[in-house]
Each structure stands twice: as C-alpha cells, then as structure tokens.
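Chemist:
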Amino acid sequence: MALTAIGQSLPQFTYDNYDGWSYNNPGLELNGDNIGDGRIVLYVSTGGLVLQLISPSFSCQGIDSISSTVTWFTRNIANSEFDLTRTALTLAIDDVDGNPVDSVTVTPTTPGVRTHMLDFTIPVPKGMTTARLRLVAWRANVVSCGAVRSATFTAESSSGPTTSTGDVDGSGTVNISDVTTLIDYLLNNDTVINRENADIDGDGTINIGDVTALIDKLLSGN
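Just so we're aligned: the sequence shown equals residues 58 to 279 in the working numbering.
1) Please say whether I120 and I179 have beta carbons closer to each other than 7 Å?
2) Note down, in chain order, each residue of its chain lying with its Cβ closer than 7 Å to the Cβ of D267, except the 5 sequence neighbours on either side.
3) Could you check if V225 is buried or exposed, using at least 16 other CB atoms within 10 Å of its CB as the buried criterion?
4) Thinking C-alpha only, which one of N91, L99, V236, D235 is nearest A197?
5) What's the C-alpha gap between L276 and G223?
6) Could you tell me how far apart the beta carbons of V163 and L175 are, in whole angstroms, since I believe they sit closer than 8 Å?
7) Count the other CB atoms within 10 Å of the CB of N74; is the residue buried (16 or more) or exposed (fewer)?
8) Just how far apart, CA to CA, sit V107 and G77?
9) Using the C-alpha atoms, what's the distance from V193 back to F200?
10) Taking K323 as the reference, give the member of V249, T230, R96, T248 with the closest Cα.
11) In the DSSP assignment, find the alpha helix (DSSP H) that holds S234 and state where it starts and stops.
12) Pick out the complete beta strand (DSSP E) segments inside the segment 79-155, 3 residues or longer, and give them in chain order.
13) Determine the extent of the alpha helix (DSSP H) in which A255 is found, giving its start and end residues.
14) Report the partner residues of P165 according to the DSSP bridge assignment.
15) Out of D154, T187, F70, A149, which one is the CA nearest neighbour of C117?
16) Spatial neighbours of D140 within its chain, please: CB distance less than 7 Å, with the 5 preceding and 5 following residues excluded, ordered by chain position.
17) Apart from the five residues on each side of it in sequence, which residues of its chain come closer than 8 Å, Cβ to Cβ, to G89?
18) If you run the structure through DSSP and keep just helix, strand and coil, what is D159?
19) Apart from the five residues just before and just after L110, which ones in its own chain have a Cβ nearer than 6 Å to its Cβ?
20) Could you tell me which residues DSSP puts in a beta bridge with P180?
21) Quick one: what's got a C-beta closer than 6 Å to I92's C-beta in the same chain, skipping five residues either side?
22) Compare the C-alpha of L357 against each of I263, P113, I233 and name the closest.
23) Relative to the alpha-carbon of S234, which residue among R252, L271, G184, T131 has its alpha-carbon at the smallest distance?
24) At what residues does the alpha helix (DSSP H) containing T269 begin and finish?
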C-alpha cells in the first residue's frame, strides 16, 4: 500500500525555524546566521567529539515513516585532503531518552560542488509514540565534513491522515487528558504534544485560547 503524507507536526530545521534543536559544538551558538552561513558542521573530531544536530522530541503516533530532504553544504572541496566519500550523512531516529532505534545513511555522489540535496526515508517502529531525530556524520573529519543548512521532514502513513483537532497527546481520542496535556505544555514547553492538533482555534499559535476552545469542544460533544 502506498504511503500518504499526513499533517502530523514534525520539527523542521531552517535558519528561521530551529526551535528546540540542539547542537553540541562548544562555543558555537545555534542561530539563524550560523545556520545560513554553513557553520553548523557535523564530523568526529580527533579528540573523539561527535558533533551532532538533535531535534526536540515530538509525537510520532500513527506515523509509519518520516521522509526528509537535507541541504548538506560541503565546505572544503578545494582542499587536497577533502574526500567526498567521508561526507556521508546519517539520519537517526531515537527514543525520547536518546537511545538509537534506527538510522539511514546517504553519501553525496556529485564531486566538485558544495551544496548537496540528500533525501532520506526512515521507518518509525510500530508502537513508538515519542521520538527525536538526529543528524550525524560518522566518517567525516574536520576537512571532509559538511554543514546542515536546512532539513525538512514529512510524516507518512499507509492508513492516510490521522490528525484530529484536539487530540493533543496523540492518544487517538479527544478527552480531558488532552486539556491537561495542553496546560502542561503552556506551563512547561518540554511537554510533548501534537502541535497541529493543539491549535484548536486555528489561529496559528498555541496559547490559552486553545485551552478554552478545547474545553468548549468537549462540553459541546463536537
């Protein structure tokens, strides 16, 4: 059965949309300028530090797989020691505690260019409800490395659309626990929610107005 793109809200990574992402390069801030200028490099240092880019946690309820296109900028192609085969990029899916679950690796194939558009598809294990995405270049060094300029993610399912306005916790039903989850999220942004389902009033933002709209929805039985 063909997979169908669904409206599940996934974390995206661009110069103006990187909320919740983390980058472990000491002394280099994760901001729009550094992303746009190709400074968010991924490689393994001679000291063994594995530079990685990690997404915030998100609900993967009902998702069969995640497709991604990553803009991978290889900076040092003019260096005689540059080796394109070392710039392979890995997209991993981890559980909420950071334990690896699965990964897919793509190697750029066009020599002599700096910008590569790498396409990934990674399966989401059945029963997995919360995940993180991670980008890492295990074979790259400081010369043969790349930088992530953008990464877009799309959720896909063999059963078609699964989103439901008000199903904030991704349980498949809309009930009082969704109200509690939404309030917890507003008080503490670390709470995992389905962001698209949480925009109850459809104004493009998630705020106290959505709590009121969700309570009204439950009381009216809609």
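Yeah, the Cβ is synthetic: ideal placement off N, Cα and C, and Gly gets one too.
Modeler: Taking the geometry as given:
1) No, the Cβ-Cβ distance between I179 and I120 is not below 7 Å.
2) Around D267: L239, A255, D256, I257, D258.
3) buried
4) L99
5) 13 Å
6) 5 Å
7) exposed
8) 19 Å
9) Residue identity differs from the one stated: residue 200 is Val in this sequence, not Phe. If I take the Cα positions, the gap works out to 15 Å.
10) Any question about residue 323 goes unanswered here, given that the chain covers just 58 to 279.
11) Residue range 233-244 is occupied by the alpha helix (DSSP H) that includes S234.
12) 109-111, 122-131, 146-152
13) 252-255
14) According to DSSP, P165 bridges with nothing at all.
15) T187
16) S201
17) Shown here for G89: same chain residues with a beta carbon closer than 8 Å to its own, the five before and five after excluded, namely Y72, D73, Y75 in chain order.
18) strand
19) Y80, L192, V205
20) S122
21) Y72
22) For the chain, the structure presents residues 58 to 279; residue 357 sits outside this window and is missing.
23) L271
24) 265-277
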